[in-house]
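Input: a single structure, listed below in structure tokens.
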Amino acid sequence: MAKGYLIIETRADHPGVTRIRATEQLADPDSPSSSGEADTKVHFVARFGNVFVARMHAHTALRRQTLDAEAGLYRVDPATAVAAIDAIDLGHEPIYLDPEVASDPGIGRDTARRRRNHRLVDRVFNGAGAAAVISLVLLALLGI
Numbered sequence: 088m089a090k091g092y093l094i095i096e097t098r099a100d101h102p103g104v105t106r107i108r109a110t111e112q113l114a115d116p117d118s119p120s121s122s123g124e125a126d127t128k129v130h131f132v133a134r135f136g137n138v139f140v141a142r143m144h145a146h147t148a149l150r151r152q153t154l155d156a157e158a159g160l161y162r163v164d165p166a167t168a169v170a171a172i173d174a175i176d177l178g179h180e181p182i183y184l185d186p187e188v189a190s191d192p193g194i195g196r197d198t199a200r201r202r203r204n205h206r207l208v209d210r211v212f213n214g215a216g217a218a219a220v221i222s223l224v225l226l227a228l229l230g231i
């Protein structure tokens, strides 16, 4: 299990494209908002216990906006990407949030909506699993 960081960043020469990058170390731990590239702006950094699983969950949340899965490129605004990553049901610690993104009034609503949807899907699958177990127990008791 590789601990690491998910970083949301944009580049001025690619408007409308957000990159989600997984790394095991920050370029500058004292300044998480800095990037190794000059024209890259970091919007969000979060530490995860398993960065590879976190990246998979982020990709799943943004799969309909994927431009290049290998490069981590998505056609979304940074606030939507932050909401998608912050709503991931894995333990994580936000390290940095860009003040511009933090001031977006829709980010809290979008994160809450995504979390509600995750809970609903979990309940549906748990209900289906419980129904299957009950059916198997009844079949075993009835000897069918």
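Heads up, the sequence shown is in our numbering, so the first residue is 88 and it goes up one at a time. Ideal Cβ positions, reconstructed from N, Cα and C, are used throughout, including at glycine. These figures come from a predicted structure and were not determined experimentally.
Subject >> Three or more C-beta pairs below 8 angstroms linking the segment 184-195 and the segment 209-222 >> reply: no
Subject >> Cβ neighbour criterion (16 or more within 10 Å) applied to R201 >> reply: For the purposes of this step, residue 201 is taken as the residue at position 114 of the sequence shown. With 16 or more Cβ atoms within 10 Å of its Cβ, R201 is classed as buried.
**OP:** Specify, as a first and last residue, the run of the beta strand (DSSP E) that G159 falls within.
**Re:** Walking along the sequence shown from the start, residue 159 turns up at place 72. First-last for G159: undefined, no H or E at that position.
Original post:
Would you call the segment 153-162 and the segment 132-141 in contact, with 3 or more CB pairs under 8 angstroms?
Top reply: no
Subject >> Secondary structure of I175, DSSP reduced to three states >> reply: What you label residue 175 is simply residue 88 of the sequence shown in a count that begins at 1. Of the three classes helix, strand and coil, the one that applies to I175 here is coil, per DSSP.
Original post:
Are the beta-carbon atoms belonging to I95 and A158 less than 8 angstroms from one another?
Top reply: Residue mapping note: residue 95 aligns to position 8 of the sequence shown, counting from 1. Residue mapping note: residue 158 aligns to position 71 of the sequence shown, counting from 1. Cβ atoms of I95 and A158: not closer than 8 angstroms.
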